[in-house]
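Top line first, the protein sequences correspond to chains A and B. Quick note on numbering: the first sequence equals residues 1 to 188 in UniProt numbering. Quick note on numbering: the second sequence equals residues 1 to 188 in UniProt numbering. Glycine included, each C-beta is placed from N, C-alpha and C at the ideal position. Fair warning: this is a prediction, and the values are worked out from it, not measured in the lab. One structure is given here, and the rest of the page talks about it.
There are 2 protein chains.
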Amino acid sequence: MKVSIGSKTMALPTPAWLVGTYDAEGKPNLMTAAWGGICCSKPVCVTVSLQKPRHSYAAIMERKAYTINVASAKDVAKVDYCGIVSGKNADKFAACNFTAVKSELVDAPYVAECPLVLECKVIRIEDLGMHTMFVGEVMDVKVDEAAMKDGKPDPLLIDPIVYAPEDRHYYGLGANLGLGFSIGKELK
Amino acid sequence: MKVSIGSKTMALPTPAWLVGTYDAEGKPNLMTAAWGGICCSKPVCVTVSLQKPRHSYAAIMERKAYTINVASAKDVAKVDYCGIVSGKNADKFAACNFTAVKSELVDAPYVAECPLVLECKVIRIEDLGMHTMFVGEVMDVKVDEAAMKDGKPDPLLIDPIVYAPEDRHYYGLGANLGLGFSIGKELK
Chain A
1 MKVSIGSKTM ALPTPAWLVG TYDAEGKPNL MTAAWGGICC SKPVCVTVSL
51 QKPRHSYAAI MERKAYTINV ASAKDVAKVD YCGIVSGKNA DKFAACNFTA
101 VKSELVDAPY VAECPLVLEC KVIRIEDLGM HTMFVGEVMD VKVDEAAMKD
151 GKPDPLLIDP IVYAPEDRHY YGLGANLGLG FSIGKELK
Chain B
1 MKVSIGSKTM ALPTPAWLVG TYDAEGKPNL MTAAWGGICC SKPVCVTVSL
51 QKPRHSYAAI MERKAYTINV ASAKDVAKVD YCGIVSGKNA DKFAACNFTA
101 VKSELVDAPY VAECPLVLEC KVIRIEDLGM HTMFVGEVMD VKVDEAAMKD
151 GKPDPLLIDP IVYAPEDRHY YGLGANLGLG FSIGKELK
């Protein structure tokens, strides 16, 4: 039996990504975003949605660039902090003891301490209402050498954070459930 | 030290959602999608991206509706199956032993056996290249009574599947890492 909970922003999993930008003064800034996802394979694109009053919104509109930084579970408090405080009043890189690295591909900084980084150039802007969705073309993906295994990024070494809306808690990645395009063949 | 892996569809976490539609003959169909995410809080919207040759693409274009069905980890092989086989040649609901329930809000079916369901009306269609992104307004969210706790959907009871691109494995949800808008306050 299903319960109707109404038109809520509830889906699982949602990410807890750090969006990296330079503000008008050139200060590197971070914002936590859970509203986003991959949206195209060719060109490789990813969406992230921000509210207009956010400090990062103006930054993306100005420079048409952002990075997606996937933090490890050990940094979950830092990820939460970046969603609580505004870059208008704080230096979040300094507060988190994070190192801002200037991307050579897009006009935005990324977080040296995050094991997975996407460098994105804005190619489409969609005003949807409370949020504006930025479609970014992914110019490159960078992965910590220590999080690579057999030439591929290893999810358990990256150890990403999952956000659960409504419940409002963060979760880690769980057990390996099997190989895609493989374990379903038994049902054919 | 970071390794560049190029412009890849790699982000974490990504979902492994079952997209529910009715095809031209009115047959309920399912397709697995990992390219999607929440994109707006008001109106509540979610994106899902499909390639044009997909059977579900024509269905969504025709009926301007779809459901997002979040399956539990126990059904991971069924989720994988729905990404391998085309609805052109198979009755995936039957193969998965899933029950198709006609939504009363949108022209699409949802999966009775999935603990979390979003009923979506297409409000924007963006052709991005290999994929077309459908922005759906979420008309209602339905949750299994058994997956509710203290009046809210409980992520650990829903037990959703996380997909990891590149690595191509599915993962479960891990440990609770803490409360959002709370654990980051210590850094202020």
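At a Cβ threshold of 8 Å, is residue i touching chain B?
| i | result |
| --- | --- |
| A/S4 | yes |
| A/I60 | no |
| A/Y66 | no |
| A/T9 | yes |
| residue 189 of chain A | Nothing can be reported for residue 189 of chain A: it is not among the residues displayed for chain A, which extend from 1 to 188. |
| A/K107 | Note that residue 107 of chain A is Asp in the sequence shown here, rather than Lys. Not closer than 8 Å to any Cβ of chain B, the Cβ of A/D107 fails to qualify, so no. |
| A/F181 | yes |
| A/L50 | no |
| A/T47 | yes |
| A/L173 | yes |
| A/Y57 | no |
| A/E186 | yes |
| A/R168 | yes |
| A/V162 | yes |
| A/E145 | yes |
| A/C120 | no |
| A/V111 | no |
Buried or exposed, going by whether 16 or more other CB atoms sit within 10 Å of the CB of residue i?
| i | result |
| --- | --- |
| A/P165 | buried |
| A/M1 | exposed |
| A/T47 | buried |
| B/N29 | buried |
| B/G172 | buried |
| B/S4 | exposed |
| B/K102 | exposed |
| A/T99 | exposed |
| B/P15 | buried |
| residue 233 of chain A | Residue 233 of chain A cannot be examined here, being either before or after the span of chain A that is shown, 1 to 188. |
| A/G6 | exposed |
| A/D80 | buried |
| B/I158 | buried |
| B/D167 | buried |
| B/G151 | exposed |
Taking the Cβ atom as the reference point for each residue, do residue i and residue j lie within a distance shorter than 8 Å?
| i | j | result |
| --- | --- | --- |
| A/G37 | B/G180 | no |
| A/C40 | B/M130 | yes |
| A/A71 | A/I161 | yes |
| A/A108 | A/A65 | yes |
| B/V117 | B/G136 | no |
| B/A34 | B/L50 | no |
| A/C82 | A/L18 | yes |
| B/V76 | A/G178 | yes |
| A/T9 | B/V143 | no |
| B/M139 | B/L105 | yes |
| B/Y22 | B/A59 | yes |
| A/N69 | A/G26 | no |
Less than 8 Å between CB atoms is the rule here; does residue i satisfy it with respect to chain A?
| i | result |
| --- | --- |
| B/N176 | yes |
| B/D75 | no |
| B/M31 | no |
| B/T21 | no |
| B/I84 | yes |
| B/T14 | yes |
| B/R124 | yes |
| B/A94 | no |
In the DSSP output, which residue or residues are listed as bridge partners for residue i?
| i | result |
| --- | --- |
| A/T21 | A/N29 |
| B/A100 | B/V111 |
| B/C45 | B/C40 and B/E137 |
| A/N69 | A/L18 and A/V117 |
| A/L50 | A/T132 |
| B/K2 | A/D144 |
Closer than 7 Å to a non-hydrogen atom of the ligand NAP - does that hold for the CB of residue i?
| i | result |
| --- | --- |
| A/D154 | Looking at this structure, you won't find the ligand NAP or any other ligand, since it has none at all. |
Could I get the ranges of all uninterrupted alpha helix (DSSP H) runs contained in the segment 111-188 of chain B, with 4 residues as the minimum, in chain order? 155-158
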